[in-house]
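Taking it in order: structure first as structure tokens, then the write-up.
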Amino acid sequence: MDKIKAMEAFVRVVDTGGITRAAEMMGAPKATVSTLIQELEAQLGARLLHRTTRKVTVTADGAAYYERCVRILDDLREADEAISDRQGQPAGKLKVDMTTSMASLLMRDAIPDFLMRYPDIALELGCTDRPVNMVSEGVDCVVRVGQISDPSLVARRIGSMRFVTCASPAYLAQHGTPQHPRDLYRHRWINYLAQGRVVAWDFAKGDEKLELQFEGGLAVNDSNVYRDACLAGVGVGQIPSFAFQVHEPRGELVQVLEDWHTENLPVHVLYPSNRHLSTKVQAFVEWAAEVFENSPGLRRA
29 MDKIKAMEAF VRVVDTGGIT RAAEMMGAPK ATVSTLIQEL EAQLGARLLH
79 RTTRKVTVTA DGAAYYERCV RILDDLREAD EAISDRQGQP AGKLKVDMTT
129 SMASLLMRDA IPDFLMRYPD IALELGCTDR PVNMVSEGVD CVVRVGQISD
179 PSLVARRIGS MRFVTCASPA YLAQHGTPQH PRDLYRHRWI NYLAQGRVVA
229 WDFAKGDEKL ELQFEGGLAV NDSNVYRDAC LAGVGVGQIP SFAFQVHEPR
279 GELVQVLEDW HTENLPVHVL YPSNRHLSTK VQAFVEWAAE VFENSPGLRR
329 A
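As numbered in the working numbering, residues 29 to 329 make up the sequence shown, in order.
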């Protein structure tokens, strides 16, 4: 039995709550993951997981073992990175996670440059709007929009993002154009879900500030699907200015409530504070900061 691989499989099963998802994350057959867990339990002489037809839960022994496994795997990862860094040139697998809309933007305009600049880095890009467990999922750093509240993470601010209130021409032709944010209560709107909660809409005009909450209608938790809903004429939405700038010249989206501005949200690159900052992560952070600084719609306000 490969003890390290078995520990990794166990950690992934606990984090995902199931063997199937853990196998997908490891790129291994489900049967292989099951066998690794069984061999690990046999070697330890203890049951680590409760298995039912519906779900997998961790036992008391398993919970204690899980904490130690996470620390051991993280230490091994840091040891590998420290040796790699001694070679000078950034190299190895770099696992980064960012929102789907941000990934689309950077893939189109910037990521090819990163790969050419650092040919020895194998970039593994996760595209998701959900929070990730950076330690258990083996993620080196993430790019996130909004305020940061996790004290265990180092946050390097690289830019800011402005949102545009908009709708499709077809929607506006059918439902009319709102003249005031409160007019949206008489419209159809598209809500964005963050960690299962609907994000409030904020507006500002001079000294007047509004924060509106809309119930019902469509709510999605993926930024690209949110944009697609706006394009499909589902309702009024607020999308990043960089996305709006792609579709506005084509006549696919129209800005509304132009006199009312939305709050600029900070964009950060985040990485664990207790982890060695490898040269590959440092290279990505500096590159991302450079990209945002050279993008008028994304540079720090």
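No residue lacks a Cβ here, since even glycine has one placed at the ideal position from N, Cα and C.
All figures in this text were calculated on a predicted structure; none of them were measured in a lab.
Span of the beta strand (DSSP E) holding residue i?
| i | result |
| --- | --- |
| Phe231 | Trp229 to Lys233 |
| His220 | Looking at the sequence provided, one finds Tyr at residue 220 rather than His. Ile218 to Ala222 is the span of the beta strand (DSSP E), which, as asked, contains Tyr220. |
| Thr128 | Note, Thr128: premise wrong, no beta strand (DSSP E); alpha helix (DSSP H) at Thr128 to Asp137. |
| Val253 | Note, Val253: premise wrong, no beta strand (DSSP E); alpha helix (DSSP H) at Ser251 to Leu259. |
| Arg75 | No beta strand (DSSP E) contains Arg75, which DSSP labels as neither H nor E. |
| Val171 | Cys169 to Val173 |
| Val160 | From DSSP, Val160 is part of no beta strand (DSSP E); its letter is neither H nor E. |
| Ala247 | Leu246 to Val248 |
Per DSSP, residue i forms a beta bridge with which residues?
| i | result |
| --- | --- |
| Gly45 | According to DSSP, Gly45 bridges with nothing at all. |
| Phe191 | Pro268 |
| His289 | Ala232 |
| Thr87 | According to DSSP, which records beta bridges pairwise, Thr87 is partnered with nothing at all. |
| His296 | Arg172 and Arg185 |
| Lys123 | Glu152 |
| Arg145 | None; Arg145 has no bridge partner. |
Roughly how many whole angstroms lie between the Cα atoms of residue i and residue j?
| i | j | result |
| --- | --- | --- |
| Asn161 | Pro300 | 10 Å |
| Arg82 | Thr48 | 12 Å |
| Gly224 | Gln241 | 15 Å |
| Leu281 | Pro57 | 44 Å |
| Arg216 | Thr193 | 13 Å |
| Leu101 | Gly55 | 18 Å |
| Val84 | Val98 | 18 Å |
| Met144 | Tyr199 | 42 Å |
| Ala91 | Leu104 | 20 Å |
| Ile267 | Leu68 | 48 Å |
| Ala138 | Ala201 | 36 Å |
| Phe38 | Met29 | 13 Å |
| Asn252 | Arg96 | 38 Å |
| Ile65 | Glu36 | 10 Å |
| Tyr220 | Thr205 | 21 Å |
| Pro179 | His203 | 45 Å |
| Ala311 | Lys237 | 39 Å |
| Arg278 | Leu326 | 21 Å |
| Thr63 | Pro159 | 29 Å |
| Ala88 | His78 | 10 Å |
| Lys233 | Ala316 | 32 Å |
| Asp250 | Tyr146 | 30 Å |
| Phe191 | Ser177 | 22 Å |
| Ala59 | Thr44 | 16 Å |
| Glu243 | Asp235 | 26 Å |
| Ala34 | Cys155 | 27 Å |
| Glu276 | Met53 | 38 Å |
Report yes if the C-beta distance between residue i and residue j is below 9 Å; otherwise report no.
| i | j | result |
| --- | --- | --- |
| Ala260 | Ser196 | yes |
| Lys123 | Glu165 | yes |
| Asp157 | Ala222 | yes |
| Leu133 | Phe142 | no |
| Val61 | Ala51 | yes |
| Tyr93 | Ala74 | yes |
| Leu181 | Leu298 | yes |
| Gly265 | Arg255 | yes |
| Val86 | Leu76 | yes |
| His296 | Arg172 | yes |
| Ile149 | Ala107 | no |
| Val410 | Cys169 | Residue 410 is absent from the model: the chain starts at 29 and stops at 329. |
| Gln207 | Pro294 | no |
Could you tell me the boundaries of the alpha helix (DSSP H) in which residue i lies?
| i | result |
| --- | --- |
| Glu318 | Thr307 to Glu321 |
| Ala201 | Pro197 to His203 |
| Leu72 | Lys58 to Leu72 |
Within the present structure, is the beta-carbon of residue i separated from the nearest heavy atom of the ligand GDP by less than 8 Å?
| i | result |
| --- | --- |
| Ile149 | Absence of the ligand GDP is noted for the structure shown, with no ligands found whatsoever. |
Are the C-beta of residue i and some C-beta of chain C separated by less than 9 Å?
| i | result |
| --- | --- |
| Arg172 | Of the protein chains in this structure there is only one, and it is not chain C. |
- Query: Do the segment 304-318 and the segment 224-239 make contact, defined as three or more Cβ pairs closer than 8 Å?
  - Reply: In short, these stretches do not touch, since the Cβ pair count stays below three.
- Are the segment 280-291 and the segment 127-143 touching by the rule of at least three beta carbon pairs closer than 8 Å? Short answer: they don't touch.
- Item | Segment contact flag, the segment 172-190 with the segment 314-326, C-beta cutoff 8 Å, min 3 pairs | Segments in contact, yes.
- Query: Is it a yes or a no for the segment 202-216 touching the segment 267-276, going by three-plus beta-carbon pairs under 8 Å?
  - Reply: No, because fewer than three Cβ pairs between the segment 202-216 and the segment 267-276 fall closer than 8 Å, the two stretches do not touch.
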